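S.K.: Handing you a structure now.
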Amino acid sequence: MKLGLRGQGRRVWAPRGVAVTQAVQIGWKYTYVAVALDPLTGRLWWAWQKNMKGEEMARIWGVWAEEPAIDGWVWDGAGGHTGKAMQAVDAPRVVQPPYAPELNPVERFFRELRRAVEGRVYPDLQAKQAALEPILQAWQADPQRVKKLCGWDWIRKALTNLPATPETP
């Protein structure tokens, strides 16, 4: 997820007829948070990364591929996800069609993270990152909440019907 000083206005509740104003920050500094989650157990992993280039992603996902609880991942076909550096990471993956975030459980999680930090002005990128860190920790400490948000019925059914070991041709 891209986290930067280019703020986004968010929907907020207000009485009918009242004009809502939100401060929007305009800056061009960004950092990224990589997130992996298991919609069946609610486990959550995250790491900060400098950019979305394949080498940086392969560094983080290569470590996560060694995690016994992570059997593989599902994501969109973004260049950083499918580049040469990521092909070297040994883990099964399901690449989704572009522009279909509603199919990916982690995109729903990103929406909640953005809701928690966007719509405010931060003095610098580190302050915004520091604001997101306790939110990530709270989600990590509450697997039931992660399961409720991301463990949709059709995803749970699909994952439980997968074979325990990959079939060899």
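Using this note's numbering, you'd call the opening residue of the sequence shown number 871 and step up by one each time. All C-beta atoms in this analysis are idealised placements derived from N, C-alpha and C, irrespective of residue type, glycine included. The model shown is predicted, which means the values in this text are computed figures rather than measured ones.
(1) What are the start and end residues of the alpha helix (DSSP H) that includes aspartate 1023?
(2) With DSSP run on the structure shown, which of helix, strand or coil describes threonine 911?
(3) Which two residues bound the contiguous beta strand (DSSP E) that contains valine 890?
(4) Decide if threonine 1038 is buried, meaning its Cβ has at least 16 other Cβ atoms within 10 Å, or exposed.
(5) Could you give the C-beta distance for arginine 963 and glycine 942, rounded to a whole number, given that I count them as a contact under 8 angstroms?
(6) Does the beta-carbon distance from cysteine 1020 to proline 968 come in below 8 angstroms?
(7) With C-beta atoms as the reference, is leucine 995 less than 8 angstroms away from threonine 891?
(8) Mind reading off the beta-carbon distance from leucine 1002 to leucine 873? Whole number of angstroms is fine, and I expect it under 8 angstroms.
(9) Between the Cα of aspartate 960 and those of Pro971, Trp934 and Ala970, spot the shortest distance and give me the residue it belongs to.
(10) Taking the CB atoms as reference points, tell me whether aspartate 946 and glutamine 966 lie closer together than 8 angstroms.
(11) Which same chain residues end up closer than 7 angstroms to alanine 939 when comparing Cβ atoms and leaving out the 5 residues on each side of it in sequence?
(12) In terms of alpha-carbon separation, which member of His951, Glu937 and Glu936 lies closest to asparagine 921?
(13) What's the C-alpha gap between aspartate 1023 and leucine 973?
(14) What are the start and end residues of the alpha helix (DSSP H) that includes tryptophan 883?
(15) Given that a residue counts as buried once 16 or more other Cβ atoms are within 10 Å of its Cβ, and exposed if not, what is tryptophan 883?
(16) Ignore the nearest five residues each way along the sequence and tell me which others in isoleucine 1025's own chain have a CB closer than 8 angstroms to its CB.
(17) Going by CA-CA distance only, name the one from Gly924, Arg929 and Tyr992 that's closest to glycine 949.
M.R.: Judging by the given coordinates:
(1) Taking the first residue of the sequence shown as 1, we reach residue 1023 at position 153. 1023-1030 is the extent of the alpha helix (DSSP H) around aspartate 1023.
(2) Against the sequence shown, residue 911 aligns to sequence position 41. Three-state result, threonine 911: coil.
(3) Residue mapping note: residue 890 aligns to position 20 of the sequence shown, counting from 1. That residue, valine 890, is in no beta strand (DSSP E); it is neither H nor E in DSSP.
(4) In the sequence shown, the residue the question calls residue 1038 occupies position 168. Confidence is the limiting factor: at threonine 1038 the pLDDT is only 49, short of 50, which leaves the residue's position unreliable and the question unanswerable from this model.
(5) The residue labelled residue 963 in the question sits at position 93 within the sequence shown. The residue labelled residue 942 in the question sits at position 72 within the sequence shown. Approximately 6 angstroms separates the beta-carbon atoms of arginine 963 and glycine 942; this is inside 8 angstroms, confirming the contact.
(6) Counting from 1 along the sequence shown, the entry for residue 1020 is found at position 150. Counting from 1 along the sequence shown, the entry for residue 968 is found at position 98. Not in contact: cysteine 1020 and proline 968 (Cβ atoms no closer than 8 angstroms).
(7) Here residue 995 is taken as the residue at index 125 of the sequence shown, counted from 1. Here residue 891 is taken as the residue at index 21 of the sequence shown, counted from 1. For leucine 995 and threonine 891, no; Cβs fall outside 8 angstroms.
(8) Position 132 of the sequence shown holds residue 1002. Position 3 of the sequence shown holds residue 873. Right, the Cβ-Cβ distance comes to about 6 angstroms (below 8 angstroms), so this counts as a contact.
(9) For the purposes of this step, residue 960 is identified with residue 90 of the sequence shown, where counting begins at 1. Here the closest residue by C-alpha is Trp934.
(10) Within the sequence shown, residue 946 is the residue found at index 76, counting from 1. Within the sequence shown, residue 966 is the residue found at index 96, counting from 1. Yes. Within cutoff.
(11) By one-based count along the sequence shown, residue 939 stands at place 69. The residues are Asp908 and Arg913.
(12) Translated into positions along the sequence shown, residue 921 becomes position 51. Nearest Cα to asparagine 921 within the set His951, Glu937 and Glu936: His951.
(13) Here residue 1023 corresponds to residue number 153 of the sequence shown, with the count starting at 1. Here residue 973 corresponds to residue number 103 of the sequence shown, with the count starting at 1. Aspartate 1023 and leucine 973: Cα-Cα distance of roughly 12 angstroms.
(14) On the sequence shown, residue 883 is found 13 positions in, with the first residue counted as 1. No alpha helix (DSSP H) contains tryptophan 883, which DSSP labels as neither H nor E.
(15) By one-based count along the sequence shown, residue 883 stands at place 13. Exposed, since its Cβ has fewer than 16 Cβ neighbours within 10 Å.
(16) Within the sequence shown, residue 1025 is the residue found at index 155, counting from 1. Same-chain partners within the cutoff: Pro909 and Pro975.
(17) For this step, residue 949 is matched to residue 79 along the sequence shown. Nearest neighbour of glycine 949 by Cα position, chosen from Gly924, Arg929 and Tyr992, turns out to be Gly924.
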